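Residue numbers (this note's numbering), protein chains in the order written: chain P, -18 to 92; chain B, 3 to 118. For every residue, glycine included, the Cβ atom is placed at its ideal position computed from N, Cα and C. As the structure is a computational prediction, the values presented were derived from the model and not from experiment.
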Amino acid sequence: RKEVEQDPGPFNVPEGATVAFNCTYSNSASQSFFWYRQDCRKEPKLLMSVYSSGNEDGRFTAQLNRASQYISLLIRDSKLSDSATYLCVPLDGDSSYKLIFGSGTRLLVRP
Amino acid sequence: GAVVSQHPSWVICKSGTSVKIECRSLDFQATTMFWYRQFPKQSLMLMATSNEGSKATYEQGVEKDKFLINHASLTLSTLTVTSAHPEDSSFYICSARTASGGYEQYFGPGTRLTVT
């Protein structure tokens, strides 16, 4: 089983739509989670940190279900500029400093 | 805040030569910096973790004598790719954790290395 599993997409949605990404992780010892976005040929940029059951920042809401080892990201009122790859990144529970990167979910927002 | 820079942003070199990449935290002190590599359409792969003033910790399968890491200060880490080969061509990205913050890593803009 992969350490982080995400639907690679692409998710193709119209502007203004609400879209949700799901992520499952294998290490139950992971305590902290992050959502990063990565544009093509660019570095990852931190979108949100999740230390408890969830977090909300403007149009973005993350929810964590530790029992199911599942974390989601909801984007409301999608903008064209939201088009990117979204990376669900658990902190390695065994090391407390390594981030575990998967391949992410690609989002395309169309006009 | 939490800005990380990298230099150069891209470099082309010949096989057998060495290339040095610099990673700087501009507005914070970073006790720990990380070096990643990313091939096209693949996820980031951690190469090594460096702590200021001590030897880097390399991930399994990463040759420490080929990828030399120096973390001489709280704001600067360097990665030197020695005796570069075409298969070393990749996108190299550094990240840093703040000394006083949480577990978030802030990434530099990356260096695109092409070895001919």
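Using the beta-carbon of each residue, which ones in chain B are nearer than 7 angstroms to residue i?
i                    : result
lysine 79 of chain P : Leu48
Going by DSSP, what residue range makes up the beta strand (DSSP E) through residue i?
i                           : result
tyrosine 105 of chain B     : That residue, tyrosine 105 of chain B, is in no beta strand (DSSP E); it is neither H nor E in DSSP.
glutamate -14 of chain P    : -15 to -13
threonine 82 of chain B     : 78 to 83
phenylalanine 30 of chain B : From DSSP, phenylalanine 30 of chain B is part of no beta strand (DSSP E); its letter is neither H nor E.
tyrosine 6 of chain P       : 0 to 6
phenylalanine 2 of chain B  : Beyond the ends of chain B as shown, which are 3 and 118, falls residue 2 of chain B; an answer cannot be given.
alanine 65 of chain P       : 65 to 71
isoleucine 81 of chain P    : Isoleucine 81 of chain P -> no beta strand (DSSP E), and no H or E assigned at all.
phenylalanine 41 of chain B : Segment: none, phenylalanine 41 of chain B is in no beta strand (DSSP E) and carries neither H nor E.
serine 7 of chain B         : 6 to 9
lysine 90 of chain P        : Going by the sequence as given, residue 90 of chain P is valine instead of lysine. That run of the beta strand (DSSP E) goes 86 to 91.
Taking Cβ-Cβ distances shorter than 9 angstroms, what residues in chain B pair up with residue i?
i                           : result
phenylalanine 41 of chain P : Under the 9 angstroms cutoff, chain B gives no residues; its nearest Cβ is about 15 angstroms from phenylalanine 41 of chain P.
phenylalanine 15 of chain P : Tyr105, Glu106, Gln107
leucine 27 of chain P       : Ala4, Glu106, Gln107, Tyr108, Phe109
serine 30 of chain P        : Gly104, Tyr105, Glu106
Closer than 8 angstroms by beta-carbon distance: list the chain P residues that pair up with residue i, in chain order.
i                       : result
proline 111 of chain B  : Lys23, Glu24
threonine 80 of chain B : Result: empty, since nearest Cβ-Cβ is about 18 angstroms, beyond 8 angstroms.
threonine 51 of chain B : Tyr78, Lys79
Can you list the residues of chain P that residue i reaches, using a CB-CB cut of under 7 angstroms?
i                        : result
isoleucine 95 of chain B : Glu24
threonine 116 of chain B : Chain P residues near threonine 116 of chain B: none, gap ~13 angstroms exceeds 7 angstroms.
threonine 100 of chain B : Residues of chain P passing the Cβ test: none, with the nearest at roughly 12 angstroms.
Mind listing the chain B neighbours of residue i? Cutoff is C-beta to C-beta under 8 angstroms, in chain order.
i                     : result
glycine 83 of chain P : Ser45
leucine 72 of chain P : Tyr105
In the DSSP output, which residue or residues are listed as bridge partners for residue i?
i                           : result
valine 21 of chain B        : B:Val83
phenylalanine 36 of chain B : B:Thr51, B:Ser97
leucine 54 of chain P       : P:Phe2, P:Ala43
serine 92 of chain B        : B:Leu115
valine -6 of chain P        : P:Val90
valine 13 of chain B        : B:Leu115
Label residue i either buried or exposed according to how many other C-beta atoms from any shown protein chain fall within 10 Å of its C-beta, with 16 as the threshold for buried.
i                           : result
aspartate 94 of chain P     : Outside the displayed span of chain P (-18 to 92) sits residue 94 of chain P, for which this structure offers no information.
proline -11 of chain P      : exposed
glutamate 24 of chain P     : buried
glutamine 40 of chain B     : buried
valine 6 of chain B         : buried
leucine 61 of chain P       : exposed
threonine -1 of chain P     : exposed
isoleucine 14 of chain B    : exposed
serine 85 of chain B        : exposed
phenylalanine 63 of chain P : One point to set straight first is that residue 63 of chain P is aspartate, not phenylalanine, in the sequence displayed. So aspartate 63 of chain P counts as buried.
Closer than 9 angstroms by beta-carbon distance: list the chain P residues that pair up with residue i, in chain order.
i                       : result
threonine 34 of chain B : Tyr78
threonine 77 of chain B : Neighbours of threonine 77 of chain B on chain P: none; closest Cβ ~18 angstroms, over 9 angstroms.
Is there a Cβ from chain C that is less than 8 angstroms from the Cβ of residue i?
i                       : result
threonine 86 of chain P : Considering every chain present, this structure includes no chain C. Its protein chains are P and B.
Next item on the list: List in chain order: all unbroken beta strand (DSSP E) runs of 3+ residues lying wholly within the region 12 to 40 of chain P.
Entry: As far as the region 12 to 40 of chain P is concerned, its whole beta strand (DSSP E) runs of at least 3 residues are 14 to 19, 25 to 31, 35 to 38.
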